[in-house]
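Position one of the sequence shown corresponds to residue 1204 (the working numbering), numbered consecutively onward. No residue lacks a Cβ here, since even glycine has one placed at the ideal position from N, Cα and C. One structure below.
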Amino acid sequence: MKILLFGKGGQVGRELQRSLAPLGEVVALGSSGEPWPSDFRQPEALRETVQALRPQIIVNSAAYTAVDRAETEVDAARAINAVAPRVLAEAAHACGAWLVHYSTDYVFDGAGSRPWTEDDAPAPLNVYGQTKLEGEQAVRSACPRHLVFRTSWVYARHGGNFIRTVLRLAAERESLRLVDDQVGAPTGADLIADVTAHALRQAIVEPRLAGLYHLSASGETSWFAYARYLLDEARRQSEVARTMKVRTMEPIPSSAYPTPARRPLNSRLDTRRLQSAFGLCLPPWQPGVARVVEDLLQPPAWVRA
Ligand code: NDP
C-alpha cells in the first residue's frame, strides 16, 4: 500500500510519519517541493504529484495555521486551506484513493456550552475557520472515500504550540495573564496520528465508514487552567522548573486580550460518532499533556549519561 503524506514537518505530520509506517510505504512531502511538487500555494502541481505517484491513500496534514495572520493573508490561507484540498480531493477520487484531511473547532462560532456534533451548523468567526470550512466541504464533496477529522488545540513535542510558549514565558516573566473563557480540549498530535491510522485501517475494509468525525481528547479546560496544569506538572517533574520566574497567574476574559482573529468561546467537540464508528476510546487530555511536558523538560540522554 502506498501512502502519500503532505505536511510532514508539522505537528501532526511528524507523528503521522510514525503512525502510518506500519500500514505501508509512506511517501512524506514537506512544503519545499522536493522531490515532488508539494507547495499548496500551487494547487494544480499537487494534481500532477498525485497522478505520478498513484497512492492508495493520501493524508493531508498541511495547512495554513497562523490564525491571526490569516485575517490579512486571506488569499494564502484560502489557497492552502481550501483550494489545494479541493484539488487533492479531485486527484484522489480520480485515482481511487482514500483522502484523510483535518479541520478545526474554529468552524464553529462558539455559542452555548454544549459540545458541537458533526451535524451542528458551522459558522466560523475568522478567516482561518472560514477557509478550513471551505476545505473540508470541498473534500467531502469531491472525494467520497474521505475521512475528515475536526480537532482542537493541537500540541506536540515539536513545533510551535501553547505548551512550549507557556513554559518559555513562565521562565521569563513573573506574572502571566491567560484567557479563561475559551473552553476546549488540548489534543496531542500523537493521538490524532494514532487514531488516523486505526480509522484508516478500518475504513479501507468498510468504506461505509467514510465521513466527517470530531477527534479530540476527552474532558475540557480553559487556556488558563491548561497553563496552570502544565506548569504544576513541570514543577512536579523537574527541579529546574521549580526555579521558573513566574509567581502569579491571572485569569482574564477574551475581551481583555484582543487579537486580530476572534476565537470561539465554546470549542468543545462531541466525539461520540468517532468512538462508536471505530470502536475507539479517546483518553482524557491531561496524561498526553503531562507526557509532552516531561519530554520538553528532559535534557538529552547524552547530557544525562
Ligand atoms: P502545523 O502548523 O504544525 O503544520 C502545518 C504544516 O503545513 C507544516 O508542515 C507546513 O510545512 C505545511 N504547510 C504550510 N504551508 C504550506 C504550503 N504552502 N505548502 C505545503 N505545505 C505547507 O499544523 P498542525 O500539525 O498543528 O495541524 C494539522 C492539521 O490540524 C491542520 O489541518 C490544522 O488546520 C488542524 N488543526 C490544528 C490545530 C492547532 O491547534 N494547531 C487546531 C485544530 C485543527 P512547513 O513546516 O514546511 O512550512
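- In this structure, G1299 has its CB at a distance of at least 8 Å from all heavy atoms of ligand 1.
- Below 8 Å, too few C-beta pairs join the region 1311–1327 and the region 1248–1255 to call them touching: fewer than three.
- Counting other Cβ atoms within 10 Å of its Cβ, G1338 reaches 16 or more and is therefore classed as buried.
- The beta carbons of V1351 and L1412 sit no closer together than 9 Å.
- Taken through DSSP and simplified to helix, strand or coil, W1301 comes out as strand.
- DSSP, reduced to helix, strand and coil, places A1400 within a helical segment of the structure shown.
- Counting C-beta pairs with one atom in each stretch, the region 1323–1331 and the region 1485–1492 have fewer than three that are closer than 8 Å, which means they do not touch.
- Within the region 1408–1444, complete beta strand (DSSP E) segments of at least 3 residues are found at 1414–1417, given in chain order.
- In this structure, ligand 1 has no non-hydrogen atom nearer than 8 Å to the beta-carbon of V1290.
- The region 1342–1351 and the region 1435–1454 do not touch, with fewer than 3 CB-CB distances between them shorter than 8 Å.
- In the structure shown, P1502 falls within a coil segment according to DSSP collapsed to helix, strand and coil.
- Set against 8 Å, the gap from the CB of T1354 to the closest heavy atom of ligand 1 is smaller.
- Look at the beta carbons and you see the region 1265–1277 not touching the region 1423–1442: under three pairs across the two are nearer than 8 Å.
- Taking the Cα of A1464 as reference, the smallest distance to any Cα among A1273, G1387, L1394, Q1385 is reached at A1273.
- E1453 counts as exposed, since fewer than 16 other C-beta atoms from the protein chains shown sit within 10 angstroms of its C-beta.
- Beta-carbon to beta-carbon, G1391 and A1359 are separated by about 7 Å, close enough to satisfy the 8 Å threshold.
- Membership of V1369 in any beta strand (DSSP E) is not indicated; the residue belongs instead to the alpha helix (DSSP H) covering 1365–1375.
- Remark: the C-beta of S1421 is outside contact range of ligand 1, defined as less than 8 Å to any heavy atom.
- Uninterrupted alpha helix (DSSP H) stretches at least 4 residues long and entirely within the region 1234–1279 occur at 1246–1256, given in chain order.
- Taking the Cα of W1319 as reference, the smallest distance to any Cα among I1407, S1222, A1406, T1354 is reached at T1354.
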